[in-house]
Each structure stands twice: as C-alpha cells, then as structure tokens.
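In what follows, a structure is listed as structure tokens, so that the remarks can point back to it.
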Amino acid sequence: MKMSSFAPHKYVPIPEWAQKRAFFAILFAFTALCACAAQEHKEMENLYRQLGDTPSDELYKTGRGFLEENKLDEAMVCFSIVGNRYSPNMTDEEKRLCAYSLNNAGGISQLRSNYSIAFSYFKKAIQIADEPIYQAYNNIAGIYLFYNDYKNARQYLTQAFDISLEQKNWESLSNSLQNLIFLGWKMDSLASLQPQIERYRSVDSIPPSLSGYTIGIADGTIAASKGQYREAIRIFSGIINADSTILSANHFVYNTPLYIAKCYMALKDYPLAMQYLKTVEEEIRRINDYYMLMYVYNLQIECCQQDGNAEGARKAKYDLLNLKDSINTVEELEKIKNIEFFDEVDKYEKQVVELSHQKNTRTRVAIISCLALLVVALLFIVAIIQNRRLRESNKELYRKTDELVRQADSEKLQRTAYKKKIDGFIEKIASLQGTINTLRSASLPASSTPIAEEPTTAPAASSPLPDDQSAIVEKIYQQLDDVDFICQPDLTVERLAQAIGIHDRYVSQVINESTNKNFNTLLNEYRIREACKRLTDFDTYGQMTNETIAEGLGYKSRSHFIRTFKKMTGLTPSQYQKIAREEQQ
Numbered sequence: 000m001k002m003s004s005f006a007p008h009k010y011v012p013i014p015e016w017a018q019k020r021a022f023f024a025i026l027f028a029f030t031a032l033c034a035c036a037a038q039e040h041k042e043m044e045n046l047y048r049q050l051g052d053t054p055s056d057e058l059y060k061t062g063r064g065f066l067e068e069n070k071l072d073e074a075m076v077c078f079s080i081v082g083n084r085y086s087p088n089m090t091d092e093e094k095r096l097c098a099y100s101l102n103n104a105g106g107i108s109q110l111r112s113n114y115s116i117a118f119s120y121f122k123k124a125i126q127i128a129d130e131p132i133y134q135a136y137n138n139i140a141g142i143y144l145f146y147n148d149y150k151n152a153r154q155y156l157t158q159a160f161d162i163s164l165e166q167k168n169w170e171s172l173s174n175s176l177q178n179l180i181f182l183g184w185k186m187d188s189l190a191s192l193q194p195q196i197e198r199y200r201s202v203d204s205i206p207p208s209l210s211g212y213t214i215g216i217a218d219g220t221i222a223a224s225k226g227q228y229r230e231a232i233r234i235f236s237g238i239i240n241a242d243s244t245i246l247s248a249n250h251f252v253y254n255t256p257l258y259i260a261k262c263y264m265a266l267k268d269y270p271l272a273m274q275y276l277k278t279v280e281e282e283i284r285r286i287n288d289y290y291m292l293m294y295v296y297n298l299q300i301e302c303c304q305q306d307g308n309a310e311g312a313r314k315a316k317y318d319l320l321n322l323k324d325s326i327n328t329v330e331e332l333e334k335i336k337n338i339e340f341f342d343e344v345d346k347y348e349k350q351v352v353e354l355s356h357q358k359n360t361r362t363r364v365a366i367i368s369c370l371a372l373l374v375v376a377l378l379f380i381v382a383i384i385q386n387r388r389l390r391e392s393n394k395e396l397y398r399k400t401d402e403l404v405r406q407a408d409s410e411k412l413q414r415t416a417y418k419k420k421i422d423g424f425i426e427k428i429a430s431l432q433g434t435i436n437t438l439r440s441a442s443l444p445a446s447s448t449p450i451a452e453e454p455t456t457a458p459a460a461s462s463p464l465p466d467d468q469s470a471i472v473e474k475i476y477q478q479l480d481d482v483d484f485i486c487q488p489d490l491t492v493e494r495l496a497q498a499i500g501i502h503d504r505y506v507s508q509v510i511n512e513s514t515n516k517n518f519n520t521l522l523n524e525y526r527i528r529e530a531c532k533r534l535t536d537f538d539t540y541g542q543m544t545n546e547t548i549a550e551g552l553g554y555k556s557r558s559h560f561i562r563t564f565k566k567m568t569g570l571t572p573s574q575y576q577k578i579a580r581e582e583q584q
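With numbering that gives the first Met the number 0, the residue at position 534 of the sequence shown is 533, and numbering never jumps.
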C-alpha cells in the first residue's frame, strides 16, 4: 500500500493590515514634514538673504552686536555663516575670523546646554585657527568640568595656560591659572600645580593688580590645603579689600568668598561659613553659573548638617532639587529647539552659497519624492495583490494537507478491517484443522502412530526472516498506526523491529524498498498527520501551546517540530490552526 505525501513548502507574506497602516503612516509623516519645512523655510530664507552677501568682518561685528543684545538666534546665524565660509586658501586674518566665529557659535550652544554641538564648534575652531585660541580650550575644559571629567578638564586648562603664556595674554593667563587652582583645590591636588604657579610668578609683565589677585588665590588655597585656615582667611580677605575694580571685573569674583566659606567650615564656624555661602549664591545667581550654583548648594547642605541646622539643610536640598529639575527641563527643551535650529542653519547656509542651485535641487527633490511615493504606493498595491494570492495558496495547502490526513485515516480504517478479516479466517482455519485432526485420530487403529500437529505460534524475533515482504509492510503500518507508539520521544527503527518481531536491518530495507523513504521521514509523516488532527481539535487541544503539542508528539524541541511541520505542509502550526478556524467558521 503506497504512503501519502505532503504538500511543498510556501513562504508566508506580511499581514495585509500592517502593510496598509505603514503606507498611510509614511504618507502622513511626509505631508506634515513638508508643511513644517515650508513655513520655517520662508523665515530663514529671508534672514539668510539679508546677511548672506555681507562681508565676513562686518557680519562678525553684527553677530557680536546681536550677542550683546542677547539675541542668540540672530547672533548664531551670523557666526555660523562666517564660520562655514572657511577655506584652506584664506588669509590668516580670515581664518582667525572664522575660528573666532565658530568659538562664539560654540559659546551660544553651551549657553543653551547643547554641549555636544558646542564641543564640535570649539574643536573645529581649534583646528582651523592659525594661532591657538585660548578661549576654545578654556570652553572645552568647562564642558568637561560640567560632566565632572576632571582629567580632561585639567588637560585643556593646562593647554590654555601654555597658549596664554606664549601669546602674552595676561588676563587669559591669570584666568587659566585661577581655573587650574580651583580644580586642584577641589581635587586636593594643588601640589601638582606648583610648576604653573612658579612660571606665573616669574613673569614680570603682568599688571600688579591682576598678578596680586591671582597669586593671592594661589597662596590662600595652598595655606588652606596645609590646614592653615586662619592664614588662608587672612589672605583671601586681603584680596577682597585690596582692589575692588579688578575683583569686580574678574570672572571668578565668587571664588574668593567661596574659599573663605570652606575655611570656616573646616574651622567649624558654620554660621559664618553659611553667611559667605549666601553671598556667593547671590553672585552666582546674577551670572547664571548653574554648575557653581549646584556646588554651592551642596556646600550649604553639608554646612547645615554639620551645624545641626536641619531646617537650613532641608531648604538647601529643596533649592538644589529645584535647580536640577529646572536645568533638566531647560536642557531637554533646548535640545529640541537646537536640533531644529541647527538643521535649518546647515540647510540654508548652502542656499546662501548658491540659491539658484538650491532651488533646482528642491525641485528635483520634490519630483523624486513624488515619484518615490508613487513607487512605494505601487509596491504596496503589488504587495497587497501578492499577499491575497499567497493567502489563497496557503488555504489551498491547508485543504490538500487536510485531504491527505483524511485519506490516511481512511487507509488506516481499511487496514484495520482487513486485519480483522484475516484474523477471522485464521481462527476458522485453526478450528477446521482441529476438527480434521480429531476425525483422523478416531479413524486410525489404536496401535497406529498419531499424526503430529503443526505449530500455530508466531516466530520469535530471532526466527528466520519471512519471505512475504508485503506481510512485513502490513505489520509496520499496523504498528505505526498506534498513536501512543509513534509519540514515544526516542523512537528508533530498532524499537519498531523489536515490536513487530523482525530484525531491524530487514525492517529498514523493507521501508526503503516499499516507500522510497527512510524510517525518520516515515515517522515524521505519521507524527505530523497526528499534529494536524490535534491542531484542528479545538475542544481538546485548543488551549495547548505549540510547545506542549510538540512534546506530546515526541519532539524534543518546539523549533524542531515547527521546522518539520512547515517542511511537510508548507505552513507553520500557527498558520495551519488559524486557517482551520477560518474554514470551520
């Protein structure tokens, strides 16, 4: 009897609803983007047209004017135009102008808390400048300091110190050393700054007021680091009372009272320390230095806790949390604004260079976009049509598989009925043989030797191989029709041979010759047919997972079961079950 075969494998497409949703999402996003871009395009185009032909030196001055008026967007436009005009063939003066413009653009980005863009501007300014720019190095150090990366911050501050000394820019040199001293004081590494301090002391050209202030900061912090807090307070107080002009003009005007506050905290004079910290807080609020303001709040918390002032510590914590929330909110909002703003700056900067070319480019982009949308729409239509065809193909695979399963069940019933008939004939033959033997015994003389009866028992497993191959095939089918037998996890051809009482080599030979298949293929066909029945028996197996069904069929893993099922039916178990539900409904 010939074995049934299964349908070939087919691939399953993307669901139709997902394709439609993706198509309309792309169309909506493209329309909204075009509308927003068109509105902002007109405003930025007018501004760039007004400033695009302005000479670089005038444009730089215009940007500085906008910066002084706190018009950051307009200033950013001016500086970005000048900075992006950079060319290696420029004169040294033009290169320097581009570098300073980029440095200013980075400063605006830093004010907006967009540190990644600010860092890129500062780095580019350093790269194109014919002479090193102290401000760029100092600004990069400030970014690293904000993120508490003291190692890189110190590296850039040291470079800024060396550049300022080489260029004889005494104010920059003093600020660099003050930055280094503050960082060294905070990191408890003032001793490592001794070379820079000695080099600064050796310069005779620095204005006495500026030199006295910076050296006083160095002497005071060194005294404090040695535990000489009273001496340090005396030095810092002398700085404050010495020259109010240089102190008010200095960017680090709040550092001196901050150092004094730390000294009083070390002396455990917390009320006086808190008084200086409040003074520093007011000054920092005036210049909006959020990093230092958070540092001061932390010192206030520490001071109040040491003094046992729970209310003061609570208020400082509250102010610190509010500041952090404010900074985080502003940062996130500014990041969104900056992404849009800098994207427009970059796009319309190219338009200033060649407006007519940009117009043609936009036209081509619009045409290409429309064609792309048309192609996408056509592809989706084709995909939908193909999807429908594949769905019908999958349904046809299901019907063929279901028909093969029914046919196999019919063959199984026929074999069962045939076996019952054969068993009945064997019983009748055995009964007739017994009657014949009885009659013979009665008719023979008493002295005659009785005729020996033929054995009726089946041959053992070690008996000679039968010559009738069709009988062996029937035994194999009958054994494989036993569902409990084929669902054993480790079923092998040896166990099948043992069950039917035939040598395993002969069983393998019979299977190969009669079915043109090996034992594993034949076993998988029987198991998959049983799987098809269970997947469509929703009352009994409807709540079971594929993994549970696979285990019940003797498969050791869910993945092996799915691969075998798909190879033989063209569908996955889930797809087969889904189509079965649809067909039943």
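Ideal placement from N, C-alpha and C gives every residue a C-beta, glycine not left out.
Please report the distance separating the alpha-carbon of residue i from that of residue j.
i: Y99; j: R233; result: 40 Å
i: I421; j: V492; result: 26 Å
i: F160; j: P131; result: 11 Å
i: Q166; j: W184; result: 27 Å
i: F537; j: E582; result: 13 Å
i: E83; j: D52; result: The question names Glu, but residue 83 is Asn in the sequence shown. Cα to Cα, the separation comes out at about 13 Å.
i: E546; j: R111; result: 56 Å
i: C531; j: R504; result: 31 Å
i: I499; j: I561; result: 30 Å
i: M273; j: A265; result: 12 Å
i: Q468; j: Q508; result: 10 Å
i: T278; j: S55; result: 43 Å
i: S191; j: Y133; result: 22 Å
i: Y120; j: R229; result: 44 Å
i: I122; j: I116; result: One point to set straight first is that residue 122 is Lys, not Ile, in the sequence displayed. Each residue's Cα considered, the two are about 10 Å apart.
i: N151; j: S204; result: 30 Å
i: L276; j: I180; result: 19 Å
i: R313; j: T90; result: 59 Å
i: Y476; j: E391; result: 34 Å
i: S188; j: F118; result: 26 Å
i: L438; j: F424; result: 21 Å
i: I338; j: P87; result: Reliability of the predicted coordinates at I338 is poor, the pLDDT of 48 falling under 50, and no value is obtained from them.
i: S573; j: I548; result: 12 Å
i: I142; j: N69; result: 21 Å
i: E92; j: L101; result: 14 Å
i: R414; j: T544; result: 33 Å
i: Y317; j: Y296; result: 9 Å
Under 8 Å, do residue i and residue j count as touching if we go by C-beta distance?
i: L182; j: R200; result: no
i: G106; j: N138; result: yes
i: L482; j: E529; result: Correcting the residue identity first, residue 482 is Val in this sequence and not Leu. Yes, they are a contact pair.
i: L176; j: Q195; result: yes
i: N523; j: T563; result: yes
i: I578; j: K394; result: yes
i: K566; j: P488; result: no
Roughly how far, in whole angstroms, is the beta-carbon of residue i from the beta-carbon of residue j, given that I think they are within contact range, below 8 Å?
i: A135; j: R95; result: Not confirmed; about 12 Å, so no contact.
i: T213; j: S163; result: 12 Å between Cβ atoms; not a contact.
i: Q305; j: Y269; result: 6 Å
i: N103; j: F78; result: 5 Å
i: T568; j: L378; result: With a Cβ gap of about 30 Å, T568 and L378 do not count as contacting.
i: Q263; j: L271; result: Position check: residue 263 holds Tyr in this sequence, whereas Gln was assumed. Sure, about 5 Å apart at Cβ, within 8 Å.
i: L490; j: G553; result: 6 Å
Using CA coordinates, which residue listed in the options is at the minimum distance from residue i?
i: M293; options: P87, L144, N138, A159; result: L144
i: E197; options: S210, I283, P206, D503; result: S210
i: L319; options: Q304, L570, Q299, D306; result: Q299
i: G541; options: G551, Q576, L570, R405; result: Q576
i: L521; options: L495, F537, P207, E546; result: L495
i: G219; options: I80, S236, I527; result: S236
i: K261; options: E281, S224, Y289; result: S224
i: Y417; options: E473, R533, T360; result: E473
i: D324; options: N308, G311, Y289; result: Y289
i: L58; options: T157, G311, V81; result: V81
i: N178; options: P207, R63, A217; result: A217
i: R398; options: T535, Y269, R285; result: T535
i: R580; options: C97, R533, T434, I510; result: R533
i: I125; options: Q487, G141, Q109, C97; result: C97
i: L479; options: N511, F518, C302; result: F518
i: V202; options: S513, G215, L71, W169; result: W169
i: N287; options: Q109, S430, H559; result: Q109
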